[in-house]
Every structure is written in C-alpha cells, then in structure tokens.
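Working notes, structure below.
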Amino acid sequence: MFFHKWMRRILVGCCGWAVKGGKEAYYQKFPTIEIQETFYKLPRTETVMRWREKAPRGFVFCMKAWQAVSHPVSSPTWRRSGLQPGKREATRYGWLRPVKENFAAWDKTAEVAKAMQAHVVVIQTPASMPDDQKTQQNVMKFFEHASTHHLTIAWEPRGKLAKNKTFLQKVCEKHGIIHVTDILKSEPATQHKIFYTRLHGLGRGEVNYRYRYSDQDLRLLAEKIDAINFDEGYVFFNNLWMAEDAERFMKMLKRENKLT
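In terms of the numbering used here, the sequence shown opens at residue 2 and continues consecutively.
Shown next, in the form of structure tokens:
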C-alpha cells in the first residue's frame, strides 16, 4: 500500500451540525461533517438526498451507523430510536451480532448512506461489548455481510475491545475496515489509505465532552497526524467546543500549508 504525503488531503469538521445558523452556516465554515442523526434514528432517504443536493459542490458527508447494529436495546440511546422491539428481537440487536435483525439494520443504514453519498460510515460500538472469542467470531461474520454493500466502513470500538490491537488489526485488514481512534489517546491498529479520528476531549475516561483543546493540544494533534501515512484524512471534533476547536485547528493547518 502506497501513501504520498505531498498528495494527501485532510478534512476537518464536527460530529453534527455544530454551527449556530444551521446547515447553511456550517457549509460556510467546514468542508465535511459526520452526521449524528443516523445513529439515533435513520432519516428517510429523501431527507438525506435533500441534504446532499443543498450542500456545496465538493462537500463531504460521513455518517454514524444506526445504533441498531452496535448498541443493545438496553442502551439509553435507544430511547431516541422511536422503536419498541419485541422481547426476542430486543435480545438480538447490537454488538455486531451476525443475525437477521442486525443485517437488516445494516442494510437500511447502507441505503441511507448511499442516498447521502457518504464517504465513510462509522460504526461505534459501546464499552459494554465484550472482548471474547464469541464476540470476535461475531464481528468477523458481521463485517463479511457489511462489506457486500461496498461502502467505506470505519469502526470505533470502545472498552476492552479497543485495547485488543491484535484482533483489531486482523479484522480491519481482512475486511478493509478503517480503525477509528482518538489519535491524541491511541493510534490505529493498522494503516488504511483513509485516516479517520474522532476527538472526544482529553482527561480520564474515553470521553470528556466538556474539554476545550488548547493550542498545545492542537499542535500535538497536527504532529501525530503528520506522522501517519494516508491519502485522505478526516478529523472530527466531538466536544462541546467542537466548532471553535475545529476552526482553530483548520487555521493552524492552513498556516502550515497542510490543508489542500
């Protein structure tokens, strides 16, 4: 696999429409977005097609995969889904289990992603997902199905699975998956032509949404990204100050001629 630093591009944005003034205001500031609505409840394909049509030429959509494939029904995030699965179904959703319910949920996710023309679809699995042999087998089988849609898939595991770099390298390389990390905390287990990082704030724990990145943090971020080989990179801020921090980081990269 070959990477050319002088040809690569880096796109910086936010996890969600984080700019006051709505979508039009967001388009004026950033070249890309990671859509969050798709995680909680899938929009209609007609809705995301309108987003695509109204976006400026060259604007890049990425999206978070529907929680039905990643999170068990017991997750608090399901309250926003508008769905009430039956007792049997409720035990089968999430954790990338290779069952018809998850496959159907992924197929619906893929339909929305294609209508949106999403460049990357991010699956974020919760810390509650175990790291055992059965789970690893399930993940392998799930991605076998997921890859049939020919989408660019990224995976951000949390909890114990996030620390199993050997397994992550194996599954990502076998199925062409992008391993997503918060690059200020952990490097990806394997290289891909696309680099993708989600920044959740520094401090204890995996997320600290109230954190505001300092200039020193942003300089370190630029250095870490510069040390990684890729052709196209996505940097998404996911903290309360995401719009301000992302804009500051873009200005820093522009000053250093690292944005194309």
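Each residue gets a CB set at the ideal place from its N, CA and C atoms; glycine is no exception.
As assigned by DSSP and simplified to three states, the class of residue i
i	result
Phe231	coil
Met64	strand
Glu35	strand
Arg1	Residue 1 lies beyond the stretch modelled for the chain, which goes from 2 to 261, so this question has no answer here.
Leu219	helix
Trp156	strand
Leu12	strand
Leu268	Since the first residue shown for the chain is 2 and the last is 261, residue 268 is missing from the structure and cannot be characterised.
Tyr197	strand
Nonlocal neighbours in the same chain, by C-beta distance under 8 Å from residue i, ignoring five residues either side
i	result
Ser187	Ala163
Asn139	Trp96, Leu97, Arg98, Pro99
Arg159	Gln125, Thr126, Pro127, Ala128, Met130, Glu207
Phe3	Note that Phe3 has pLDDT 41, beneath the 50 cutoff, so the model's placement of it is unreliable and no number is given.
Beta-carbon gap between residue i and residue j smaller than 8 Å
i	j	result
Phe62	Tyr28	no
Val122	Ile154	yes
Phe250	Ile229	no
Trp1	Gln68	What the structure shows of the chain is the stretch from 2 to 261, and residue 1 is not part of that stretch, so it cannot be assessed.
Gln170	Ala190	yes
Phe231	His176	no
Val181	Phe144	no
Leu221	Met253	no
Supposed contact pair residue j and residue i - C-beta distance, whole angstroms, cut 8 Å
i	j	result
Ala244	Cys16	Contact doesn't hold; Cβ gap of about 11 Å is too wide.
Leu203	Asn209	6 Å
Ala223	Val13	The Cβ separation is near 11 Å, so there is no contact.
Gly234	Arg9	7 Å
Ala116	Val49	5 Å
Lys259	Ile11	6 Å
Spatial neighbours of residue i in its chain, beta-carbon cut-off 6 Å, leaving aside the 5 residues before and after
i	result
Arg213	Trp242
Trp96	Met130
Thr110	Ala66, Trp67
Lys101	none
Ile184	Thr198, Lys225
Ile36	Met64
Pro73	Gly95
Ile178	Ile154, Trp156
Nonlocal neighbours in the same chain, by C-beta distance under 7 Å from residue i, ignoring five residues either side
i	result
Lys42	Arg81, Ser82, Gly83
Met141	Val172
Quick one: complete alpha helix (DSSP H) runs, 4+ long, within the segment 158 to 187? 166 to 176
Beta strand (DSSP E) runs contained entirely in the segment 43 to 92, provided each spans 3 or more residues: 61 to 65
Unbroken stretches of the alpha helix (DSSP H), 4 residues or longer, contained in the segment 99 to 149: 101 to 117, 134 to 147
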